[in-house]
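Residue numbers (the working numbering), protein chains in the order written: chain A, 104 to 528; chain B, 101 to 369.
Take a look at the structure set out below.
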Amino acid sequence: MTVMHGTSERRAGARRARVLMKGNEAIAEAAIQAGCDAYFGYPITPQAELLEWMARRMPELGRTFVQAESELAAINMALGAGATGARVMVSSSSPGISLMAEGMSYMAGSEIPVVLVNVMRGGPGLGSIQPSQSDYFQAVKGHGHGDYRTPVLAPASISEAVDLVAHAFELAERYRTPVFILADGTLGQAMEPVELRFRTPERRANDWALTGADGRPPRVVKSLDLLPENLERHNLALQAKFQEIARREVRWAGQQLEDAEFAIVAYGTAARVARTAVARGRSRGIKVGLFRPITLWPFPERELARLAARLRGILVVELSAGQMVEDVRLAVEGRCPVAFHGRMGGMIPTPDEVVEVLRSFQARVGRRARRKALLPLPAESKVEPPSGNGHGAVDRAGWAPVEPVEPSEPVLAGGHRRRLREVAR
Amino acid sequence: MSVATPPRAPASPRVIYQQPELLSETSTRYCPGCGHGIIHRLIAEVLGELGLGPRTIAVAPVGCAVFAYDYLLLDFVEAPHGRAPAVATGIRRVRPDNFVLMYQGDGDLAAIGTAEIVHAAARGERITGIFVNNGIYGMTGGQMAPTTLLGQRTTSSPTGREASLAGYPIRITEMLAQLPGTAYAARGTIIDPSSVGKTKAMIKRACQVQLEGTGFALVEILSNCPVGWGLTAQQSMDHIRAEVIPAYPLGVIIDRGKRAVAPTSGGEG
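Here is the structure:
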């Protein structure tokens, strides 16, 4: 469980220290340090420690914690609290996130800020409690009903998750929108040394929030409008906001892309695997780099398109049957071939498995000349580091300085396909 | 000898009926004869008399009363269908000094939102709920509700509600009164001036319970749906008296506080 035995004094003093923390607990503490006023949740694996951390810490600080009777209730409690201008977080895992779709749509329509953490597990249905990235479509393409978008932040390490929690509150409040943090069972359950770069985003004046109509006209926070002209106008305003987010809030990180002929595109835990695969691929003579979206929506499509123009091929690696790969293909628009490798149901590809896939992809792509390698490389854009804490650690934002644990036996070429054949039998 | 002096007119006229300050002048979208307008007025009167208007954050339901925010001059948030008790809980917990009011219909509270109302009551949330029971889904065209009487015809029970197919009406206020978190639960109606007055007293008590901080308070109000029931306004009131009240007895069901509203005749409080 937790190794953060420190008292609150020690925690406060350790704002810059590195502490071994479990992902769920680090996310919870980051929210607390970011000034989260209220948390509503319901137990579900693999995010239960997040709820438990909040259950202990929030009352200590005189803040609101409610264990709701369901995820439906939890998200609607968040709706009520959020409508008063409070800084609110909700967390769950895949099946519970499905139940929250209704509330998220209402909050998007009513423009209520909230941060929702999804510690993804395998599906569909009850699925498993093991890590997965199979909720990409749900988070990125439309969680609830109606025309709306939700910023989706995908940490690839626990340290980065800490940064992104504060960033998520900023986005939620700046744009009056729900924001997703899309983690997975690995990030939730794993322990890593975490740089405690906590920060508290500034509060904004909420001239829309419900506080009681005392000395001012009543305010209404709602999504309903039965007049088509009005509702279209409201939708157009929402779409303008989403376009502004898409223009301004794209974040991504790269690794060894300068001379790359191939790129692996991956986020979250899959990017951790890909990072090692890039190093091993390089050692075996493949000029490969990593392109890691940090915002899944807005997707870094322009940046990826510019990169694709320089590449011989892109391999997308996900813990899913292939969801983000659709956005990669839309961004790449045929500038280079795009291949996909994914594992499902809680399985995680090994770096060697990815290198093997990369090798066969390289063979398929053939020896086409690198005719466009002189095109300029897009500039990275990551989440701003906390200001004034002495850590100019943007470059390491994504990565705790430990190698991911790897299996002792390398997976042989074709192992994935062989397993699929076995399953098919 | 002396001639009886005629009664002198009072120095200033005594106002016995006026527009409550918290009721907007917007015409409602409710059907002619609908009880929602009366109930809105009672809420506006009570909140005004208790001076709660500037402190109130209200939760509008999904259903005919979704437009409550157009008629009551209060801060309002619109809840998804059935979720008003959860939304009100969220407000309650982060705004301890505000007054939290929610308004729900019978489909909202007793069908899709059953879990939310039960658990808000079980937690003893300091919320005042107004529960309008007209035995039907009015806004969507008059379908059967969990509170629809046995034998009652609706658009989704066209031959009348049969227990073998659609189960029995739920007396959910009595169910909620079982919970220790429920400080006050009562059932009134609005079929005549006398019952309107008693219902107003219940609403007032339910608001005071929240101010006393003793727990969850709910007033169920038997109301009508002339259009959904296929009756005139007057017939619909007669129907409540003859058919609905026997199934849903009037009165204070529980009051764990110091003062209680006198139960009405025929009530079981």
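Using N, Cα and C, we set each Cβ at its ideal position, and we do this for glycine too.
Problem set entry | Contact residues within the region 251-279 of chain B, judged by C-beta distance below 9 angstroms to chain A | none
For this session: Express the C-alpha separation of Thr240(B) and Arg409(A) in angstroms, rounding to a whole number.
Result: 52 angstroms
Exercise. Between Tyr117(B), Gly133(B), Arg129(B) and Glu125(B), which lies nearest to Gln335(B) when the distance is taken from Cα to Cα?
Worked result: Gly133(B)
Exercise. Interface residues of chain A around Ile191(B) at Cβ under 8 angstroms?
Worked result: Gly183, Ala184, Ala186, Thr187 and Leu313
For this session: Check the Cβ of Leu175(A) against every Cβ in chain B and list those closer than 9 angstroms, keeping chain order.
Result: Pro180, Gly182, Arg183, Ala186, Ala215 and Glu216
Exercise. Of all the options Val122(A), Leu153(A), Gly188(A) and His246(A), which has the alpha carbon lying nearest to the alpha carbon of Pro198(A)?
Worked result: His246(A)
For this session: Output yes or no for whether 8 angstroms exceeds the beta carbon distance between Gln258(A) and Ile284(A).
Result: It is Pro, not Gln, that sits at residue 258(A) in the sequence shown. In contact: Pro258(A) and Ile284(A) (Cβ atoms closer than 8 angstroms).
For this session: Report yes or no: is there a C-beta of chain A within less than 8 angstroms of the C-beta of Gln353(B)?
Result: The sequence shown places Ile at residue 353(B), rather than the Gln named in the question. Chain A contact via Cβ: absent.
For this session: Using the Cα positions of Asn324(B) and Glu174(A), report the straight-line distance between them to the nearest angstrom.
Result: 34 angstroms
Exercise. Just reading off the beta strand (DSSP E) that Thr214(B) is part of, what are its end residues?
Worked result: Careful: Thr214(B) lies outside any beta strand (DSSP E), inside the alpha helix (DSSP H) at Thr214 to Ala222.
Exercise. Curious, which full-length alpha helix (DSSP H) runs of at least 4 residues does the region 242-294 of chain A contain?
Worked result: Qualifying alpha helix (DSSP H) stretches, in chain order: 261-278 and 288-292.
For this session: Identify every run of the beta strand (DSSP E) within the region 176-205 of chain A, keeping only runs that are complete inside it and at least 3 residues long; order them along the chain.
Result: 191-195
Exercise. If you draw a straight line from the alpha carbon of Asp310(A) to that of Ala188(B), how long is it in whole angstroms?
Worked result: 20 angstroms
Exercise. What residue does the alpha helix (DSSP H) around Ala129(A) start on, and which one ends it?
Worked result: Gly126 to Gln136
Problem set entry | Whole-number beta carbon distance between Val352(B) and Ala286(B), since they are thought to touch under 8 angstroms | 4 angstroms
For this session: Kindly list the residues whose CB is nearer than 6 angstroms to the CB of Phe143(A), restricted to its own chain and excluding five residues on each side of it in sequence; keep chain order.
Result: These residues qualify, in order along the chain: Val169, Ala171, Ala177, Met180, Ala181 and Val193.
Exercise. Between the beta-carbon of Phe176(B) and the beta-carbon of Ala186(B), is there less than 8 angstroms?
Worked result: Not in contact: Phe176(B) and Ala186(B) (Cβ atoms no closer than 8 angstroms).
Exercise. Which residues bound the beta strand (DSSP E) around Glu178(B)?
Worked result: Asp175 to Glu178
Exercise. By how many angstroms is the C-alpha of Trp400(A) removed from the C-alpha of Thr253(A)?
Worked result: Between Thr253(A) and Trp400(A), the C-alpha separation is close to 7 angstroms.
Exercise. Three or more C-beta pairs closer than 8 angstroms, one from the region 267-283 of chain A and one from the region 422-432 of chain A: is that the case here?
Worked result: no
For this session: Measure the C-alpha to C-alpha separation of Tyr203(B) and Pro120(B) and round it to an integer number of angstroms.
Result: 18 angstroms
For this session: Quick one: grab the DSSP three-state call for Thr332(B).
Result: coil
Exercise. If you run the structure through DSSP and keep just helix, strand and coil, what is Phe64(A)?
Worked result: Only positions 104 to 528 of chain A appear in this structure, which leaves residue 64(A) out of reach.
Exercise. Secondary structure at Trp400(A), three-state DSSP: helix, strand or coil?
Worked result: strand
Exercise. Can you pull the DSSP bridge partners for Gln484(A)?
Worked result: Before going on, a small fix: residue 484(A) reads as Ser here, not Gln. Ser484(A) is bridged to Trp355(A).
Problem set entry | Residues bridged to Ile321(B) (per DSSP) | Val232(B) and Gly288(B)
For this session: Just mark His248(A) as buried or exposed, buried being the case when its beta carbon has 16 or more other beta carbons within 10 Å.
Result: That one is exposed.
For this session: Can you pull the chain B residues whose beta carbon is under 9 angstroms from the beta carbon of Met223(A), in chain order?
Result: Within 9 angstroms Cβ-Cβ: nothing; Met223(A) doesn't reach chain B, min ~24 angstroms.
Problem set entry | Beta carbon proximity, Tyr209(A) to chain B, threshold 8 angstroms | Output row for Tyr209(A): interface = yes.
For this session: Give the single residue among Gln243(B), Val159(B) and Ile272(B) whose Cα lies nearest to the Cα of Ala347(B).
Result: For Ala347(B), the nearest C-alpha among the options comes from Ile272(B).
Problem set entry | Whole-angstrom distance between Val368(A) and Val468(A), CA atom to CA atom | 17 angstroms
Problem set entry | 8 angstroms Cβ cutoff, Pro154(B) in contact with chain A | Residue contact with chain A for Pro154(B): present (Cβ-Cβ distance below 8 angstroms to some residue of chain A).
For this session: Provide the residue(s) that pair with Gly351(B) in DSSP beta bridges, ordered along the chain.
Result: Note: Gly351(B) sits in a beta bridge opposite Arg287(B).
For this session: Alpha carbon to alpha carbon, how far is Ala134(A) from Met124(A)? Give it in angstroms, no decimals.
Result: 14 angstroms
For this session: Kindly indicate which three-state DSSP category Thr299(B) falls into: helix, strand or coil?
Result: helix
Problem set entry | CB contact below 8 angstroms: Tyr169(B) versus chain A | yes
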